[in-house]
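Have a look at the structure below before the remarks.
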Amino acid sequence: MTTGAAPGEAPGGPRGTIYDLRYRPYEGERLGRRFAVWSLYVLSLRHAFGLGRGALPKTLAFGLVGLAFIPAIIQLAVAALAPGDFEIVDPVGFYSFIQIIIMLFAAALASDLVGNDRRFGVLPLYFSRPLRPDDYGIAKLAALASAMLAVTVLPQVVMFAGNWLGAADAWDWAKENAGEFGPIVGSGLMICATFAAIGLLTATYAGRRSLAIVGVLAVFLVPFMVVEAIMSISDADAVRYAIFFSPAHVVRAFTLVLFDAVPALDSGSDDNVIAQADMPDAVLVIAALLYAGVGMALALYRFRSST
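Residue numbers for the sequence shown follow our numbering, beginning at 3 and rising by one.
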């Protein structure tokens, strides 16, 4: 619609034009906050494995998953070619066997899940509405923990099935070893929760992805090596408490408690540091729960303070 000349204005003077663009309010279903959290979780899980992205993220994620599955694949091959009671790696020692793969996986994915959002300054857009900082943190933590199942619980389940299929008497083997399935899943979930929480928390303090990867690895590896060194050169009673400064040792101790396999002192076990600490099982379990719980709480606080 075109307006005429204003009173007292010459016919050839400035004119204004009004366009009716017929904007209408949205009248469809509003899915709300819960759907926003779920969508962010699914998107983050896809990004963790490089889906919808370039070749490098896919290669890194699926390459590490493939390495974690090597013992399980070998076990399946042995079960198929030469059935018998034979294990490549027993369930108790599996997580220790692939420990460095778990650390690399957590570091690579944590740096990717939160690094881009912080680097490009899109967090205020996420937090405008209806998503809240805690929702964002929960979605990212859940996505990383879920992704880590691919290098923790899933290979163990495949190995469990391989051992069962390769047993001389599958029924007797199942009856004797069914009790290991609970500790396999329980310890795997604890590893996922703890490493995801600590990994994401550490990654939020790094501005670049490479620095985030190095930082997350350092948080896991440096305490681990320091505790190993201290406890190998000293047998003082106070030294045994150093184990609580290493999340990797605490989670490993939790696994041993679930399997009822905490080694005795001077047993010559690969877990001699945990044996030297000589802590009650309940204390080791509480320490692992605190690492996971406090790590998650601090990660959520970190996201909250980003607004």
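We put the beta carbon where it would ideally sit given N, CA and C, even for glycine.
>> Report the start-end ranges of each alpha helix (DSSP H) in the stretch 21–69 that is 4 residues or longer and not cut off at the edges.
In response: 34–50
> Starting from E178 and walking both ways along the alpha helix (DSSP H), at which residues does that stretch end?
Replying inline: A172 to N179
>> Using only the alpha-carbon positions, how far apart do G68 and E182 sit?
In response: 24 Å
> If you drop the 5 nearest sequence neighbours on each side, which residues of the same chain put their C-beta closer than 6 Å to that of L78?
Replying inline: G164
> Near F197, which residues of its chain fall below 6 Å by C-beta distance, leaving aside the five closest residues on each side in sequence?
Replying inline: A108
> Once you ignore the five residues that flank V175 on each side, which residues in its own chain have a CB closer than 8 Å to its CB?
Replying inline: Reading the sequence as shown, one finds Trp at residue 175 and not Val. So the list reads D87, N165, W166 and A169, once near-sequence residues are dropped.
>> So for T257, helix, strand or coil by DSSP?
In response: helix
>> Once the 5 residues before and after C194 are set aside, which same chain residues still bring their CB inside 7 Å of it?
In response: A147, M150, L151 and T154
> Which class does A152 belong to by DSSP, given the choice of helix, strand or coil?
Replying inline: coil
>> Classify F37: buried if its beta carbon has 16 or more other beta carbons within 10 angstroms, exposed otherwise.
In response: exposed
> Which class does G164 belong to by DSSP, given the choice of helix, strand or coil?
Replying inline: helix
>> Quick check on the burial criterion: 16 or more other C-beta atoms within 10 angstroms. Buried or exposed for T204?
In response: buried
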